[in-house]
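Right, one structure below, let's go through it.
In this note's numbering, the protein residues as written are -19 to 212.
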């Protein structure tokens, strides 16, 4: 151990999860990066991160690695492998954002120089997570679930991805690989109310009360649905 290096308590117990809808065990992918920003939606002015990766961020990483319209991801659990450390940065953001339909059509331009705001952001430093997820076959899929699971495994083995994955925001690149036997941290804390999933057809968001227990964030199958824009 290097001088002045803190000793991190680790939990040696293996994580046990129920099988998924297809009775298959969860797929496991390890991700890490120099920083992360999993923005709390209740903080409107300054960006404040959750203390751990959110299920929506984990799903975004997996979809960046392997995406098919025939399947969807259900996050079962997230293990925190690195000590939770924070740091502050100042980010340039644009206060004038056009509606999505105008941005897609290109009917309105934004003067980014005139609309630029500098805002503080509280981020996470040197993060590492182990994502446990189920790959769920949708009704229109034309292959068995094993075929899609194998395709994801091959991509992780090769380090290939559909798009560049990131950790909350594009400033923080996510690196990924196969899971190793590194033990998770022994840290328990309340994380607050987290978004579970968004229904883009109705605009409703499902929320759940998140808690890190001995380094594990367990993700429920269902949450409390609220209308678009409403935060618990």
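Where a beta carbon is used, it is the ideal one built from N, C-alpha and C, also for glycine.
Only a predicted model underlies this, so the values are computations on that prediction, with no experimental measurement involved.
According to DSSP, is residue i part of a helix, a strand, or is it coil?
i: residue -15; result: Confidence is the limiting factor: at residue -15 the pLDDT is only 48, short of 50, which leaves the residue's position unreliable, though a coordinate-based value still follows. Of the three classes helix, strand and coil, the one that applies to residue -15 here is coil, per DSSP.
i: residue 211; result: coil
i: residue 151; result: strand
i: residue 41; result: helix
i: residue 161; result: coil
i: residue 128; result: helix
i: residue -8; result: coil
i: residue 202; result: coil
i: residue 35; result: helix
i: residue 81; result: Bear in mind that the predicted position of residue 81 carries a pLDDT of just 48, short of 50, making it unreliable; the figure below should be weighed with that in mind. In the structure shown, residue 81 sits in a helix (DSSP, three-state: H, G or I).
Can you give the beta carbon distance from residue i to residue j, rounded, assuming they're within the 8 Å contact cut?
i: residue 117; j: residue 50; result: 7 Å
i: residue 132; j: residue 57; result: Contact doesn't hold; Cβ gap of about 17 Å is too wide.
i: residue 192; j: residue 111; result: Contact doesn't hold; Cβ gap of about 15 Å is too wide.
i: residue 148; j: residue 37; result: 5 Å
i: residue 211; j: residue 21; result: 5 Å
i: residue 136; j: residue 11; result: About 10 Å; that fails the 8 Å criterion.
I'd like the list of long-range same chain contacts for residue i, defined as Cβ closer than 7 Å, with 5 residues on each side in sequence excluded.
i: residue 69; result: 101 and 103
Considering only residues of the same chain and omitting the five flanking positions on each side of residue i, which have a CB-CB separation below 8 Å?
i: residue 171; result: 30, 31, 32, 190, 191, 192 and 197
i: residue 25; result: 99
Please state whether the Cβ-Cβ distance between residue i and residue j is less than 8 Å.
i: residue 7; j: residue 113; result: yes
i: residue 125; j: residue 4; result: yes
i: residue 105; j: residue 15; result: yes
i: residue 44; j: residue 143; result: yes
Only counting the same chain, and skipping five residues up and downstream in sequence, which positions put a Cβ closer than 6 Å to that of residue i?
i: residue 202; result: none
**Request:** Determine, using beta-carbon pairs with one atom in the stretch 138 to 158 and one in the stretch 175 to 195, whether at least three such pairs fall under 8 Å.
**Result:** no
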